[in-house]
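Scroll down for the structure; my scribbles are underneath it.
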Amino acid sequence: MSYGLTKDEELLKSSVADFVRREHSLERIRELREDGWGFSRDIWVKMAELGWFGLVFPEALGGFDGTFKELVIVTEELGKGLMPEPFISAVLVCGNFILLGGSEETKNKIFPKMIEGNLIMAGGFAEMQSRYYLNDVCTVAKEKNGDFIISGTKTFVEAANSADKFIISARTSGGQYDDGGITVFLIDAESNGIRLTPVITMDGIRRFHVAFDNVKVAADKILGKKDEGYQLVNEVVSRSMVGLIGEMLGGMEQAFDIAMKYLKQRMQFGRPIGSFQAIQHRCVDMWMEIELSRSAILETALQFDDNAVSREITLSIAKARCSNAYKYIGSEGIQMHGAIGLTDECDIGLFLKRAKVAEITFGDADYHCERYEMLTGGGEKVGLPIK
Amino acid sequence: MGINKELEEFRLEVRQWIRENKPEVVGDFGTQSYYRWGKMLYEKGWAVPNWPEEYGGPGFSPQQLVAFQQEMMAADAPALRSTGVNMIGPLIMKLGTNWQKEYYLPKIPSLEHFWAQGFSEPDTGSDLASLTTEAILEGDEFVINGQKIWTSYAQYCNMMFLLVRTKTGEKKQDGITFLLLDMDQPGVELHPIKLIIGKSEFCETFLNNARTPKRNLLGEIDQGWKVAKALLANERVGILDRPNLVGINLERIKEYAKKVVINGKRLFDDPILRRRLTKLEMDQACTRFTNNRIIAALSQGLAPGPEAAFAKLYSTELGKRINDTMMGVMGPDSQVFIDEKSAEDEMEISRIFLFAYAATIAAGSSEILRNIISKRILGLPSV
Numbered sequence: 017m018s019y020g021l022t023k024d025e026e027l028l029k030s031s032v033a034d035f036v037r038r039e040h041s042l043e044r045i046r047e048l049r050e051d052g053w054g055f056s057r058d059i060w061v062k063m064a065e066l067g068w069f070g071l072v073f074p075e076a077l078g079g080f081d082g083t084f085k086e087l088v089i090v091t092e093e094l095g096k097g098l099m100p101e102p103f104i105s106a107v108l109v110c111g112n113f114i115l116l117g118g119s120e121e122t123k124n125k126i127f128p129k130m131i132e133g134n135l136i137m138a139g140g141f142a143e144m145q146s147r148y149y150l151n152d153v154c155t156v157a158k159e160k161n162g163d164f165i166i167s168g169t170k171t172f173v174e175a176a177n178s179a180d181k182f183i184i185s186a187r188t189s190g191g192q193y194d195d196g197g198i199t200v201f202l203i204d205a206e207s208n209g210i211r212l213t214p215v216i217t218m219d220g221i222r223r224f225h226v227a228f229d230n231v232k233v234a235a236d237k238i239l240g241k242k243d244e245g246y247q248l249v250n251e252v253v254s255r256s257m258v259g260l261i262g263e264m265l266g267g268m269e270q271a272f273d274i275a276m277k278y279l280k281q282r283m284q285f286g287r288p289i290g291s292f293q294a295i296q297h298r299c300v301d302m303w304m305e306i307e308l309s310r311s312a313i314l315e316t317a318l319q320f321d322d323n324a325v326s327r328e329i330t331l332s333i334a335k336a337r338c339s340n341a342y343k344y345i346g347s348e349g350i351q352m353h354g355a356i357g358l359t360d361e362c363d364i365g366l367f368l369k370r371a372k373v374a375e376i377t378f379g380d381a382d383y384h385c386e387r388y389e390m391l392t393g394g395g396e397k398v399g400l401p402i403k
Numbered sequence: 008m009g010i011n012k013e014l015e016e017f018r019l020e021v022r023q024w025i026r027e028n029k030p031e032v033v034g035d036f037g038t039q040s041y042y043r044w045g046k047m048l049y050e051k052g053w054a055v056p057n058w059p060e061e062y063g064g065p066g067f068s069p070q071q072l073v074a075f076q077q078e079m080m081a082a083d084a085p086a087l088r089s090t091g092v093n094m095i096g097p098l099i100m101k102l103g104t105n106w107q108k109e110y111y112l113p114k115i116p117s118l119e120h121f122w123a124q125g126f127s128e129p130d131t132g133s134d135l136a137s138l139t140t141e142a143i144l145e146g147d148e149f150v151i152n153g154q155k156i157w158t159s160y161a162q163y164c165n166m167m168f169l170l171v172r173t174k175t176g177e178k179k180q181d182g183i184t185f186l187l188l189d190m191d192q193p194g195v196e197l198h199p200i201k202l203i204i205g206k207s208e209f210c211e212t213f214l215n216n217a218r219t220p221k222r223n224l225l226g227e228i229d230q231g232w233k234v235a236k237a238l239l240a241n242e243r244v245g246i247l248d249r250p251n252l253v254g255i256n257l258e259r260i261k262e263y264a265k266k267v268v269i270n271g272k273r274l275f276d277d278p279i280l281r282r283r284l285t286k287l288e289m290d291q292a293c294t295r296f297t298n299n300r301i302i303a304a305l306s307q308g309l310a311p312g313p314e315a316a317f318a319k320l321y322s323t324e325l326g327k328r329i330n331d332t333m334m335g336v337m338g339p340d341s342q343v344f345i346d347e348k349s350a351e352d353e354m355e356i357s358r359i360f361l362f363a364y365a366a367t368i369a370a371g372s373s374e375i376l377r378n379i380i381s382k383r384i385l386g387l388p389s390v
């Protein structure tokens, strides 16, 4: 286990940082609100050319066999820029669904295109009523003449309008809350009966409620095994969450940086407001939260690389910490800016908005406390299994 | 692989030795069990684990040192007082004269010398550089007059390193001198201060024409502030790797909560308490993960990064929160202050709870540490 960065990792970090600086600015977040797609296909293909989409996937499938530590390095730098490209949802979530649930044929068909940036997928495992519980699935898939007929609605799906494929969970047996009876399907976006309703969400990223109305899917489009999709969804969410917490770290670092710059330059009462002790001590508390988050994220990534037995516990510790820390730093950041922090023109607000959405992505701090209690014994059951 | 295996063997050796030798309870400095345990460490050659061989240490590699400290902590085995082992010892190695090295260093592991720290004064708390205890060089001796306070365990110490004023300069940091002093002399008078825990961990130290020879000057005359700064950095690092130092072990709280039955229900099953414990456990885990970063750096012989600067601040504050939770779990029993049935070496929870406040005040209060971080690490402007 290595806590510091190796030379190669340093190189990766600076190459992502350079890319974000070159291709992106926070201004783009504001511009993209008016844009129907919500992200840039151009930048998407450029990201693909740098090999990032294959980073955590096996070499045999065109990937780079990278580590979770490397993944966190990449997402941290993307997070600093609030990059709106759907790397986590389209590549981490959907790529892992294909990797862990796809047949050899499916993998060989999808991976090269995905890694090149020519195939975009959208994953849907949340529903109106399910909040963060992955076992709560009402969307039904009924078997009919060897096919499945899917009906139901998946909520807050990223990049759904750009997607060539959807990957969703649906119930093939059992009751609404059962772990068993969930099946994951790979669905062509062209299929009849799919309807998108755009939702404007606070971080500016484009999301959609995706309704499936008697959508026909062939049985060979099942990812993993029928009725056993719950484990698959969990594993995919966990792996993707490692990427997300890296992104959150980058976001909080950048938000903190913005606040610090402002505090050093903004004059009131004849002195920079950053010279007031009431501000300084709060800055130290914010900084500590960033460092504690960094420690937890690094630990999580290393444990995922080692497939350590405690990795899911550590992941929940890290996600709970990051959920609170990112929000806290965004919120203190606005307060320290004063009124200007409330304007759309000021960057700090972008970070609080992203923090609030990242907080609830894959479960908020309360959810992860509950999950931690379940994993460490003695708590009530929550959605995720013990590793 | 070979190195890892060797390290593992070393770790097991330490673990086994502690298991076979450590008395069940080792009390605080000043108790009989403490000296017995210290003597054992000395005879084993492990009393000053961080010292190089040339000064009587075991010459552990950085990895071995980390493993040793982890094993000691895991077994709840106290190290020798850090004032000698981590503070003045390494400082003498770095800045001391040959005579100081030869005379003072061996007496630390052998328990002949226990060092007290004479920095704070009644009017000099966090603003350390404003100290006024005065030393005048008369011939070959410094003559010292003034008062020190919060001298931890001074009643059990026989040596003191202290800061004195030898010159009144333009800047208060100028003209401070770092001296070593034999406490066993008529010019040194101790008054233990009774604390809120009912015991006296600290003393007032009165210096009335106390004398120390010139050879006990550490560093240069009037340049003691630099020496002190190097020392305080050590002191803070010494505390950082002990997330449990001031906090009750969380496992102990859980065990207790499993035994307590309230209205027919196990207290441990109360979801509100459980959530409170979860949050503390998560906070503590994050300090452990931060320690892993620090240890990884130390093991490679590197200086830890800025994460080392907040470990003391965060973990001592966390300790207070943990203690408060233990008090809550104990309920009515938490008010017991002195239990006649307890062993001499055992402290009641209520007193541990109270004593933990010392950790967030001593060695740089939480507020001073925030000042330092905001200035040195965050680069925020001073007034």
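Residue numbers (the working numbering), protein chains in the order written: chain A, 17 to 403; chain B, 8 to 390. Every residue gets a Cβ at the ideal spot worked out from N, C-alpha and C, and that includes glycine.
Simplified DSSP state of residue i, which is helix, strand or coil
i, result
"I345 (chain B)", "coil"
"M302 (chain A)", "helix"
"M354 (chain B)", "coil"
"H120 (chain B)", "coil"
"C210 (chain B)", "strand"
"K232 (chain A)", "strand"
"Q154 (chain B)", "strand"
"D189 (chain B)", "strand"
"S178 (chain A)", "coil"
"I115 (chain B)", "coil"
"M80 (chain B)", "helix"
"D382 (chain A)", "helix"
"D147 (chain B)", "coil"
"D248 (chain B)", "Residue confidence is low: D248 (chain B) scores 47 on pLDDT, short of 50, so the model does not pin down where it sits. No coordinate-derived value is stated."
"V268 (chain B)", "strand"
C-beta neighbour in chain A for residue i, strict 7 Å
i, result
"R300 (chain B)", "yes"
"S381 (chain B)", "yes"
"N251 (chain B)", "Low confidence applies to N251 (chain B): its pLDDT is 46, below 50, so where it sits in the model is not reliable, and the reading given next is rough at best. N251 (chain B) does not count as touching chain A."
"L247 (chain B)", "Model confidence at L247 (chain B) stands at a pLDDT of 40, short of 50, so the residue's coordinates are unreliable and nothing is read from them."
"E13 (chain B)", "no"
"T332 (chain B)", "no"
"L385 (chain B)", "yes"
Residue i: contacting residues in chain B (beta-carbon distance under 7 Å)
i, result
"R287 (chain A)", "V390"
Chain-ordered neighbours of residue i on chain B, where CB pairs are closer than 8 Å
i, result
"C385 (chain A)", "R282, T285, K286 and M289"
"L98 (chain A)", "Simply none; closest approach about 23 Å."
"C299 (chain A)", "S381, L385 and L387"
"E315 (chain A)", "F296 and N299"
Under 8 Å from the C-beta of residue i: neighbouring residues of chain A
i, result
"L325 (chain B)", "The premise fails here: L325 (chain B) is roughly 10 Å from chain A at the closest Cβ pair, so nothing lies under 8 Å."
Extent of the continuous alpha helix (DSSP H) to which residue i belongs
i, result
"R337 (chain A)", "R327 to H353"
"F35 (chain A)", "K23 to E39"
"F272 (chain A)", "G245 to Q281"
"F168 (chain B)", "Unbroken run through F168 (chain B) is the beta strand (DSSP E), M166 to R172; no alpha helix (DSSP H)."
CB contact check: residue i to chain B, cutoff 7 Å
i, result
"V200 (chain A)", "no"
"I136 (chain A)", "no"
"Q296 (chain A)", "yes"
"A186 (chain A)", "no"
"A271 (chain A)", "no"
"S311 (chain A)", "yes"
Listed by chain order, chain A residues near residue i by CB distance under 7 Å
i, result
"F317 (chain B)", "M304 and E307"
Short Cβ contact (7 Å threshold) for residue i with residue j
i, j, result
"L239 (chain A)", "G118 (chain A)", "yes"
"I302 (chain B)", "S133 (chain B)", "no"
"D243 (chain A)", "S189 (chain A)", "yes"
"K160 (chain A)", "M257 (chain A)", "no"
"I166 (chain A)", "G70 (chain A)", "no"
"W44 (chain B)", "G91 (chain B)", "no"
"E182 (chain B)", "D229 (chain B)", "Rather than Glu, the amino acid found at residue 182 (chain B) in this sequence is Gly. Yes, Cβ-Cβ distance for G182 (chain B) and D229 (chain B) is below 7 Å."
"E324 (chain B)", "T297 (chain B)", "no"
Unbroken beta strand (DSSP E) run spanning residue i, endpoints
i, result
"D58 (chain A)", "Not the beta strand (DSSP E): D58 (chain A) falls in the alpha helix (DSSP H), residues R57 to E65."
"F201 (chain A)", "I198 to D204"
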